[in-house]
Each structure stands twice: as C-alpha cells, then as structure tokens.
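> In this note's numbering, the protein residues as written are 2 to 232.
Note that beta-carbon positions come from the ideal geometry of N, C-alpha and C, so glycine has one too.
Note that the coordinates shown come from a computational prediction; the quantities given were computed from them, not determined experimentally.
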C-alpha cells in the first residue's frame, strides 16, 4: 500500500513540476508582453503629440532666428553710432553710443544662443522621432513573435495569438488582449497546482498518519520516502 502511495506521490511530484515549469513560461511571456505593451503605449503617446511638438519647435526656431537677426541689425547700428560719435568728438554722444553698443552686443549674444538652442531642440526632436519610428518597427516584429508563442499555448485564448495590427496602437491593443489571456491561463495553472499540492499533502498525511503543513508535492514525496525508508 505504501509503495502504491509513494508511486502516486511521485506522479503528483512530476505533475507539480510540469505545472511549475509551464507557470514559469507563462510568467515569462507575461513580462515580455507587458513590456511590449507598455513601450507601445509610450510610443503611441509620443507619436500622437509629435505634430504639435514639431510645430512648436518650428515656431521657436523661426522666432529666435528673427530675434537674432534683429539683434544683429541693432548691433550694426550701434557700431555705426560709435563710429559717428568718434568722428564728431562728442564725449556725451560717445558714452551713449558705447552703452548702446554694449547692450546691443549682449542682446546679440543672447539672441544667437537662443536661436542655437531652439535649433538644437528641434534637431533633438527629429532624432527622437526617427528613433521612435525604428523602435516601432522593431516592436511590431517583437509583438508578432510573441503572438506566435501565444498561439502555441493551448491554455491561452485564441485572440491573444492573433497577429497584431502594425503600429504602436495596434501593438498596445494586442498587448491588452494578451495580458488578459495570460492572467486567465496563470490563474488556471495556479488552481491546478494548488490541487496537486493538496492531493500530495492529503496522501502524505494518510501515509504518515499525521497532518502535514502546506508544501510542495516534491517536499511531501521526499518526507514520505524518508519515513518509509526508516520503517
């Protein structure tokens, strides 16, 4: 009788290990799908606001360029005024011209810096847009790969394995379906594993004649084997 129970415990142990392995794979897929879904949502949000950000960047570039041009013109006038004041040999006019020139040069320096910074921000935005476009293509490929993996899982709902629509919005929508399907599959596996562990504990308790704390099927099998080996 004990040998039959020990054999059944080993079967339960193997079932527990198989479910645990499948559960680990489902968890790995869940993390991968959630990562893809999360990044898709980020890309979708970025690409959605990109037109407005591009327009704003273009306005800033244009405005700072006009301001820089005005500052250059003012600096030129200031230089002319300094030269004219020197020719006139009017000390008051020379002092005023020099003050005007200092302010004009400061404004020119500030305007040039602002124009440069606006250009850099616009260039950075375009670089980010190119990176996002490339990443979106890679995300499409990754989502298709994951969908194929989900199709091979009998426990996972069929819709989770359907080919995602290209683009961040499509990947995000697919990711939501995959998330729900994997959570259902995981719940089923956890329930099955709990049932296997419960059977193992009940069987172990019947062999040992004492209640066992909740543990794994492997733990119960090892304890029963040790006890039977002593008898």
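Closest by CA to residue 79, which one among 68, 64, 67, 96?
Along the chain shown, one-based indexing puts residue 79 at 78. Comparing Cα-Cα distances from residue 79 to each of 68, 64, 67, 96, the minimum goes to 96.
> Flag this pair as yes or no: are the beta carbons of residue 14 and residue 181 separated by less than 8 Å?
For the purposes of this step, residue 14 is taken as the residue at position 13 of the chain shown. For the purposes of this step, residue 181 is taken as the residue at position 180 of the chain shown. Cβ atoms of residue 14 and residue 181: not closer than 8 Å.
> Given residue 35, which residues of its chain have a CB within under 8 Å of its CB, disregarding the five upstream and five downstream residues?
Looking up residue 35 in the chain shown gives position 34. Cβ within range, chain order: 176, 180.
> Kindly indicate which three-state DSSP category residue 2 falls into: helix, strand or coil?
The sequence position of residue 2 within the chain shown is 1, counting from 1. Residue confidence for residue 2 is low, a pLDDT of 44 falling below 50, so the modelled location carries little weight; the figure read from the coordinates is stated next. Here residue 2 sits in coil by DSSP.
> Between residue 27 and residue 130, which are expected to be in contact by the criterion C-beta below 8 Å, what is the C-beta distance as a whole number of angstroms?
Within the chain shown, numbered from 1, the residue matching residue 27 stands at position 26. Within the chain shown, numbered from 1, the residue matching residue 130 stands at position 129. Actually they are not in contact, since the Cβ atoms of residue 27 and residue 130 sit about 36 Å apart, beyond 8 Å.
> What beta strand (DSSP E) runs, 3 residues minimum, are completely inside the segment 114–157?
Correct list: empty.
> Can you check which of these residues, 73, 87, 39, 83, is closest to residue 107 by C-alpha distance?
In the chain shown, counting from the first residue as 1, residue 107 sits at position 106. The residue with the shortest Cα to Cα distance from residue 107 is 73.
> Skipping 5 residues on each side, what residues in its chain have a beta carbon closer than 8 Å to that of residue 76?
For the purposes of this step, residue 76 is identified with residue 75 of the chain shown, where counting begins at 1. So the list reads 102, 105, 106, 108, 109, once near-sequence residues are dropped.
> Less than 8 Å separating the beta-carbons of residue 157 and residue 183?
Locating residue 157 in the chain shown gives position 156, counting from the first residue. Locating residue 183 in the chain shown gives position 182, counting from the first residue. Yes, the pair counts as a contact, with Cβ atoms nearer than the cut-off.
> Can you tell me the Cα-Cα spacing of residue 125 and residue 119, whole angstroms?
In the chain shown, the residue the question calls residue 125 occupies position 124. In the chain shown, the residue the question calls residue 119 occupies position 118. Cα to Cα, residue 125 sits roughly 10 Å from residue 119.
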